[in-house]
Each structure stands twice: as structure tokens, then as C-alpha cells.
Amino acid sequence: MKFFIDTANLTEISEANNMGILDGVTTNPSLMAKEGISDVNGHYLKICEMVDGDVSAEVISTDYEGIVREGRELVKIHDNITVKIPMIKDGVKAISTLAAEGVKINCTLIFNVAQALIAAKAGAKYVSPFIGRLDDIGQDGMVLIEDIRQVFDNYDLDTEILAASIRHNQHLLACMLAGADVATLPFKVIEGMIKHPLTDSGLAKFLADHAKSKG
Ligand code: E4P
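As C-alpha cells, this is what we get:
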């Protein structure tokens with residue numbers, strides 16, 4: 004399973020990247036705004052130069068011409084750029100156009116299997132189902148990953164399932180069990196994966212015993 008980090012914070016990206024476990028990065032306009040980024044394209048370039056993997060850069064336009072124009076500009080920034088396009092009618096049309104030109108697309112804001120299938124048929128490299136946001140409205144986001152996996156396997160679709168809006172380890176566990184290809188993780192979830200209280204207490208005991216045995 005590939006791990007992406009879901010942030011625009013360069014310190015978090017660098018820390019995760021230095022662990023050697025990062026396969027890519029996802030950003031979105033909210034994450035960029037949170038970091039107070041004004042030179043958005045310059046920021047994408049910095050991320051691309053740090054991480055050897057796909058970096059999702061989201062379009063702002065919602066009309067076909069605008070999405071295609073933005074997508075063509077974004078891919079000029081760096082080979083790692085993957086254009087993130089929302090699941091709307093003009094977005095689907097733009098995915099078809101850009102994918103035919105060889106542009107890597109991450110279709111975002113996926114909330115049901117039908118949307119995932121449409122994005123895959125249009126040629127998206129990734130579909131991003133948002134698990135946490137489904138949970139927020141009382142639906143089981145994790146079932147969506149299982150269902151998309153089943154449908155993509157039924158029809159031999161090679162679009163990758165990029166599980167997004169992951170809030171905690173249980174989400175991640177469900178994604179791994181359901182066979183998501185990629186999980187994009189907030190930095191705190193990556194840190195949470197590493198930590199276990201028995202690891203901490205076990206290590207403390209090993210170190211204390213070592214100190215005792217040295218006299
Ligand atoms: C994914 O590409 C999105 O940026 C992200 O996972 C959304 O997560 P949120 O629902 O926690 O904002």
C-alpha cells in the first residue's frame with residue numbers, strides 16, 4: 004500500500020519524507036489556505052522537489068475550459084504534478100480530455116461508487132473517496148472503499164483507490180483490509196501509526212535494565 008501525506012505543511016512533508024515512507028502528497032485549497040500560501044504554484048514546486056512521488060494540485064475552476072486550462076498549466080510545474088479535479092460534470096469531461104493528453108488525474112470529492120466508476124472510465128489515475136466526511140454525516144465511509152474495490156476488480160479497472168479524509172488509525176486499518184491502493188494521511192495519523200503504549204513501556208524497561216546491568 005502506498006502512503007501519501009495529506010498536507011501543505013513543508014515541515015510535516017519533510018519529516019514524513021525523511022522517514023522514507025512517503026510515496027506522494029495530496030493538497031487541497033483548504034490545506035493551502037491553512038498554511039497561508041499565496042504563491043500556490045511556487046509551493047507545489049517546493050513540494051515536488053522534496054518528494055519523489057505524485058503530488059496532487061487541485062484546480063479552482065469549475066467549468067470545462069477553465070479546468071483544462073488550469074490542468075495544462077499545473078503540469079508544467081513539475082513531472083510529479085497530478086491534477087486534482089472535482090467530481091462534477093465539467094470535471095468528468097475535463098478528465099477525459101486531460102487524461103487523453105497523458106496528464107495524471109486525481110478525481111476528488113468522491114462519495115459513492117457510481118462517481119468512482121465514472122471517474123475511472125474518464126481515465127483518472129486515482130479516485131479519492133472521502134471516508135471521514137461520510138462518517139461526519141452518519142454514513143459508513145469505510146464500506147465505500149470496499150465497494151469501490153469490488154467494482155474496480157469486477158471490471159478490471161486499473162484506476163487506483165486513494166482513500167482520503169482519513170481521520171484515525173481505524174480508518175486506515177479498514178482501508179488496508181479493503182485493499183485501497185493508496186491512503187493519504189494527515190501527519191498526526193502517521194505519528195499515531197508508529198506509537199503504541201506497550202512499545203514505549205517495553206523500551207523504557209529495556210533501557211532501564213541495560214542501565215542496571217552496566218552497574
Ligand atoms: C484528500 O485529498 C483531501 O485533501 C483530504 O483527505 C480531505 O480530508 P478532510 O475531510 O479531513 O478535510
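The sequence shown begins at 4 in the working numbering and counts up by one. Each residue gets a CB set at the ideal place from its N, CA and C atoms; glycine is no exception. Please read these numbers as outputs of a predicted model, since none were measured by experiment.
- Counting only runs of 3 or more residues that sit fully inside the stretch 79-128, the beta strand (DSSP E) segments are 84-89 and 108-113, in chain order.
- Cβ contact annotation for lysine 49 (same chain, cutoff 7 Å, sequence separation greater than five): Leu13, in chain order.
- Under DSSP, no beta-bridge partner is assigned to threonine 30.
- In the DSSP assignment, aspartate 57 forms a beta bridge with Gly27.
- For glutamate 149, the enclosing alpha helix (DSSP H) stretches over residues 144-157.
- It is roughly 14 Å from the alpha-carbon of phenylalanine 6 to the alpha-carbon of serine 17.
- Counting along the chain, phenylalanine 190 sits inside the alpha helix (DSSP H) bounded by residues 190-197.
- Isoleucine 113 has its alpha-carbon roughly 22 Å from the corresponding atom of arginine 72.
- Under the three-state reduction of DSSP, threonine 187 is assigned to strand.
- For leucine 165, the enclosing beta strand (DSSP E) starts and ends at 163-166.
- Following the DSSP letters along the chain, one finds isoleucine 169 in no alpha helix (DSSP H), marked with neither H nor E.
- Of the candidates Pro189, Ala122 and Ser216, the residue whose Cα lies closest to the Cα of isoleucine 169 is Pro189.
- Across the structure, lysine 107 and glycine 195 are spaced so that their CA atoms are roughly 30 Å apart.
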